[in-house]
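Quick note on numbering: the working numbering labels position 154 of the sequence shown as 366, and the sequence is numbered without any gaps. Here is the structure we will look at, set down as structure tokens.
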Amino acid sequence: MAKTRKQKEEIVKNLTDKLNKSKSLVFSNYHGLAVSEVQELKSQAKEEDVDYNVVKNSLFKLALKDSNFKDIKIKDFAGPRAIAFGYQDEVAPARILYNFAKKHKAMELLGGILDNKLLDINEIKSLAKLPSKDELIAKTVGTIKAPITGFVNVLA
């Protein structure tokens, strides 16, 4: 059943809100995945505060115009698209989809947006290989703590 104009306006409003809250976006082609696989992906995404939604291209383009990402020009969208919206960690959507795509060959990464810049597939893969924000903080704290720990051991 076709959606009414009011329903479409509500979808565009929700998408605009998600875009304005997002730090990064990753686009994927979900076509060929089973419903259970999509549910598995959504649950993995929820654990890291990432929304994964199937979005109609025309409605996404309308929402994009009213969002913080209005400078982004997306022209070559055709076919089914899903978008992962990252709210806390900029790397999380790329990492989740990249790891999922390695296990499920039907999933195809298409690109994304980070810092008002359109990213291609290779940039998304590079981003996905970065450690998470928590891992980077832990490594930094460990690096700062190491000399102090060594000094305490020498004094003991």
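Note that the Cβ used here is the ideal one computed from N, Cα and C, for glycine as well.
- Query: Ordered along the chain, which non-local residues of its own chain (more than five positions away) have a Cβ less than 7 Å from that of Ile-284?
  - Reply: Locating residue 284 in the sequence shown gives position 72, counting from the first residue. Within the same chain, Ile-284 has close Cβ partners Leu-276, Ile-325, Asn-328 and Leu-330.
- Message: Am I right that Lys-235 and Gly-298 are in contact with their C-beta atoms under 8 Å? What's the rounded C-beta distance?
- Response: Position 23 of the sequence shown, counted from the first residue, corresponds to residue 235. Position 86 of the sequence shown, counted from the first residue, corresponds to residue 298. About 5 Å; that satisfies the 8 Å criterion.
- Task: Look up Leu-331 in the DSSP assignment and say whether it is helix, strand or coil.
- Result: Stepping through the sequence shown from its first residue, residue 331 is reached at position 119. Reduced to three states, the DSSP call for Leu-331 is strand.
- Are the beta-carbon atoms of Leu-384 and Val-238 separated by less than 9 Å? Residue 384 is absent from the model: the chain starts at 213 and stops at 368.
- Only counting runs of 3 or more residues, tell me where the beta strand (DSSP E) segments fall wholly within the region 260-346, in order along the chain. 262-267, 293-298, 320-326 and 329-331
- Task: Note down, in chain order, each residue of its chain lying with its Cβ closer than 6 Å to the Cβ of Leu-348, except the 5 sequence neighbours on either side.
- Result: Numbered from its first residue, the sequence shown carries residue 348 at position 136. For Leu-348, where only same-chain residues beyond five positions count, there are no Cβ hits under 6 Å.
- Name the residue from Asp-301, Arg-307, Lys-282 and Gly-354 whose alpha carbon lies nearest to the alpha carbon of Ser-240. In the sequence shown, residue 240 corresponds to position 28, counting from 1. Per the Cα distances, Arg-307.
- With contact counted as at least three CB pairs below 8 Å, one residue from each stretch, are the region 259-268 and the region 301-317 in contact? yes
- Chain-order list of residues whose beta-carbon lies under 6 Å from that of Gly-243 (same chain, five-residue window excluded): Translated into the one-based positions of the sequence shown, residue 243 becomes position 31. The question names Gly, yet the displayed sequence has His at residue 243. Closer than 6 Å at the Cβ level, and outside the excluded window around His-243, lie Pro-292.
- Message: If I follow the unbroken beta strand (DSSP E) through Leu-245, where does it start and stop?
- Response: Position 33 of the sequence shown, counted from the first residue, corresponds to residue 245. Note, Leu-245: premise wrong, no beta strand (DSSP E); not H, not E.
- Query: Where do the ends of the beta strand (DSSP E) carrying Ser-240 lie?
  - Reply: In the sequence shown, the residue the question calls residue 240 occupies position 28. Note, Ser-240: beta strand (DSSP E), 236-241.
- Message: Measuring straight from C-alpha to C-alpha, what distance separates Pro-343 and Asn-365?
- Response: The sequence position of residue 343 within the sequence shown is 131, counting from 1. The sequence position of residue 365 within the sequence shown is 153, counting from 1. C-alpha separation (whole angstroms): 30 Å.
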